[in-house]
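A.B. asks:
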Amino acid sequence: MTIRLHNTLSRAKEPLVPGDPRRVTMYVCGPTVYDRAHIGNARPAVVFDVLRRLLGHVYGEGHVVYARNITDIDDKIITRAIAEGVPIETITQRFESFYLADMGALGVRPPDLAPHATTSIPAMVGMIEGLVAKGHAYAAQGHVLFEVATAPDYGQLSRRPMDEMVAVARVEMAPYKRAPADFVLWKPSTDDQPGWDSPWGRGRPGWHIECSAMIAEALGETIDIHGGGLDLQFPHHENELAQSACAHGGAALARIWMHNGFLNIAGDTKMSKSLGNVVTVGALLEAGWSGEVLRLALLSAHYRQPLEWTERLLGEARARLDRWCEAADDDGSLDGADPDARVRAALADDLNTPAALEAMSALASAIFAAEGTERLALRRQFAASGRLLGFGRLSLQVPAPAWLEKALADYAAARSARDFARADAIRAEAEANGIKLVVTKDGTSWRRA
RNA sequence: GGCCCGAUGGCGGAGUGGUGACGUAACGGACUGCAAAUCCGUGCACCCGGGUUCGAUUCCCGGUCGGGCCUCCA
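All residue numbers for the first sequence refer to the UniProt record's numbering, where the first residue is 1 and numbers rise by one.
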């Protein structure tokens, strides 16, 4: 099966042709760990988790290397550490833990590699030295800057003409820059700021260099897929692309660049920490939305499209997911089947998750219409398809609470006595405690409310 | 100002040069003591104006509206 992906470089869908099908490499820009992740931050994590699962399915689990970095040195982190009067490690460890827990709740598998900026300083320094030696970077006043003018195709990813960027530079140019678009590879640290020794004095890396250096170190000079949010396209990815190519004799950093769109909230405005309109993953989980519901909601739109994030969307996702659970009724024994061909085809077509969800719902209907071994086979296929999308066990089953046995008996007794007022009261109380009592043709059953 | 993207039914959201997904919500019905689940049915959706075409929601041009990036940002 050929996977086709939209490449930001060409603005077109292209077949994925890995440099080595036995080692497909993907890198996604991870979080700067200075605060809790909001649900918008979760979109790339979930989307690229689906892609990673698809790659594993197509190329074999052992033939995919997925790296997602942790940016654990950054001025926002330093600011927060100072505010709390603690070392930056206290901040970064706290929020990395939160991040992993939050993403885990959404069914996001940990990446194969999670390079940290602070443990990759030598790789960054090495790359910067190389760039200086090749004339692509210059040191000035304790800073090292990448000279954009030396990168011939600069602007190719975001399609920004060079001359224009120079002309439209809005910020007053720092005195140590040769041109406004030049960006910092290394900057000096004061004594009270975290820093590392380097050929240019004690300092810390700029933001863009970390990804380039860690990709080269962990995955190689040219990787198959590089992903991230649309807002990283420029300047972050543009800069990564340029510095990596310049450092590696022109070798492309990534064959395919992918960018996910934003979550919009009321008023069609993107969710953003700086706009103060964020909803954190933690808050949503605490509000009672399951991670699966959040995941399904995130996948309900194509990853490149904006997605309106509303309570209503969550309710709809929950309703759909409940139906899936009803159909799959996975008691843990539904292993060993292949995912549905339509689901696979939809995902292989630039991760068309809405089409994949459509196939899932069609499969659910087929399950309800089928019986016996055919139904079981469909349920297996459905469960496998769900896993490809990152949904674990699809089931409404819950462990029976201690009170349930009596409630079931009382409910059955009330019904056979035709004391329906009492039966309804028992059912209402059970539902208030999270259990829905259900009458089936085989008797009384229960499930998650 | 420059660059980029979008506009589909109550809502969310795919897709397609011709028979108009899917989900969810609503309503009617079957089933049910009643529910839930399931099943059946109902609702004249493709921003506007040109163009190409036998035929456009789908392609092209223009417009309007909305969003994003250009500064930290998924």
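We put the CB at the ideal spot given by N, CA and C, even for glycine.
All values derive from a computational prediction rather than experimental measurement.
What are the complete alpha helix (DSSP H) segments, minimum 4 residues, inside the region 159 to 239?
C.D. replies: Those alpha helix (DSSP H) runs which fall completely within the region 159 to 239 and span 4+ residues are 162 to 168 and 207 to 218.
A.B. asks: Hey, would you say Arg-53 sits closer than 8 angstroms to Pro-111, going by beta carbons?
C.D. replies: Going by C-beta atoms, Arg-53 is not nearer than 8 angstroms to Pro-111.
A.B. asks: Using the beta-carbon count (16 or more within 10 Å), is Thr-353 buried or exposed?
C.D. replies: Buried is the call here.
A.B. asks: Roughly how many whole angstroms lie between the Cα atoms of Ser-365 and Gly-392?
C.D. replies: One C-alpha to the other measures close to 20 angstroms.
A.B. asks: If we count the other Cβ atoms within 10 Å of its Cβ and call it buried at 16 or more, is Glu-89 buried or exposed?
C.D. replies: Glu-89 comes out exposed.
A.B. asks: Rounding to the nearest angstrom, what Cα-Cα distance links Val-86 and Ile-73 in this structure?
C.D. replies: Distance between the alpha carbons of Val-86 and Ile-73: 14 angstroms.
A.B. asks: Using the Cα positions of Gly-104 and Ala-421, report the straight-line distance between them to the nearest angstrom.
C.D. replies: Roughly 43 angstroms between the two C-alpha positions.
A.B. asks: Out of curiosity, what's the CA-to-CA distance linking Gly-261 and Asp-442?
C.D. replies: Near 48 angstroms, if we compare the C-alpha coordinates of Asp-442 and Gly-261.
A.B. asks: Measuring straight from C-alpha to C-alpha, what distance separates Ala-139 and Lys-187?
C.D. replies: Going from the Cα of Ala-139 to the Cα of Lys-187 covers about 10 angstroms.
A.B. asks: Please confirm whether Met-1 and Tyr-66 have their CB atoms less than 8 angstroms apart.
C.D. replies: Contact flag unset, no.
A.B. asks: Report the three-state DSSP secondary structure of Tyr-34 (helix, strand or coil).
C.D. replies: Correct three-state label for Tyr-34: coil.
A.B. asks: Round the Cβ separation of Gly-228 and Pro-31 to the nearest angstrom and send it over; I've been treating them as touching at under 8 angstroms.
C.D. replies: About 11 angstroms separates the two Cβ atoms, so there is no contact after all.
A.B. asks: Less than 8 angstroms between the beta carbons of Leu-253 and Ile-225, yes or no?
C.D. replies: Contact flag unset, no.
A.B. asks: According to the neighbour-count rule (16 or more other Cβ atoms, all chains shown, within 10 Å of its Cβ), is Ile-82 buried or exposed?
C.D. replies: By the 10 Å Cβ count, Ile-82 comes out exposed.
A.B. asks: In three-state DSSP terms, what is Ser-445?
C.D. replies: DSSP places Ser-445 in strand when its eight states are reduced to three.
A.B. asks: With DSSP run on the structure shown, which of helix, strand or coil describes Ala-114?
C.D. replies: Three-state result, Ala-114: coil.
A.B. asks: What number of angstroms, rounded off, separates the C-alpha of Tyr-303 from the C-alpha of Phe-48?
C.D. replies: Near 9 angstroms, if we compare the C-alpha coordinates of Phe-48 and Tyr-303.
A.B. asks: Tell me which same chain residues have a C-beta within less than 6 angstroms of the C-beta of Gly-203, skipping the five on either side of it?
C.D. replies: Only Trp-186, Lys-187, Pro-188, Ser-189 and Gly-195 meet the Cβ criterion.
A.B. asks: With DSSP collapsed to three states, give me the class of Glu-147.
C.D. replies: DSSP places Glu-147 in coil when its eight states are reduced to three.
A.B. asks: Name the residue from Val-439, Leu-321, Leu-5 and Glu-210 whose alpha carbon lies nearest to the alpha carbon of Gly-390.
C.D. replies: When only C-alpha atoms are compared, the closest one is Leu-321.
A.B. asks: Counting pairs of Cβ atoms below 8 angstroms between the region 364 to 383 and the region 400 to 415, do you hit three or more?
C.D. replies: Not touching, per the Cβ criterion.
A.B. asks: From the DSSP output, in three-state form, read off Met-127 for me.
C.D. replies: If DSSP states are grouped into helix, strand and coil, Met-127 belongs with the helices.
A.B. asks: Can you tell me which of the three DSSP states Asp-322 falls into?
C.D. replies: Here Asp-322 sits in helix by DSSP.
A.B. asks: So, helix, strand or coil for Glu-292, using DSSP?
C.D. replies: Helix at Glu-292.
A.B. asks: Could you tell me the boundaries of the beta strand (DSSP E) in which Ala-140 lies?
C.D. replies: Unbroken beta strand (DSSP E) run through Ala-140: 137 to 140.
A.B. asks: Quick check: the region 32 to 39 against the region 13 to 22, are at least 3 beta-carbon pairs closer than 8 angstroms?
C.D. replies: Touching, no.
A.B. asks: What do you get for Trp-200, buried or exposed, if any count of 16 or more other CB atoms within 10 angstroms of its CB means buried?
C.D. replies: With 16 or more Cβ atoms within 10 Å of its Cβ, Trp-200 is classed as buried.
A.B. asks: Can you give me the start and stop residues for the beta strand (DSSP E) that Pro-44 sits inside?
C.D. replies: Not the beta strand (DSSP E): Pro-44 falls in the alpha helix (DSSP H), residues 39 to 59.
A.B. asks: Please report the distance separating the alpha-carbon of Asp-350 from that of Leu-5.
C.D. replies: When rounded, the distance between both Cα atoms is 4 angstroms.
A.B. asks: What number of angstroms, rounded off, separates the C-alpha of Ser-274 from the C-alpha of Pro-401?
C.D. replies: Between Ser-274 and Pro-401, the C-alpha separation is close to 45 angstroms.
A.B. asks: What residue ranges within the region 362 to 400 form continuous alpha helix (DSSP H) runs of no fewer than 4 residues, ordered along the chain?
C.D. replies: Counting only runs of 4 or more, we get 372 to 388.
A.B. asks: Please state the DSSP three-state secondary structure of Thr-71.
C.D. replies: Strand, per DSSP.
A.B. asks: Taking the alpha-carbon of Glu-238 as reference, which of Val-343, Asp-331, His-259 and Gln-193 has the nearest alpha-carbon?
C.D. replies: Of Val-343, Asp-331, His-259 and Gln-193, the residue nearest in Cα terms is His-259.
A.B. asks: Report the three-state DSSP secondary structure of Tyr-154 (helix, strand or coil).
C.D. replies: DSSP places Tyr-154 in coil when its eight states are reduced to three.
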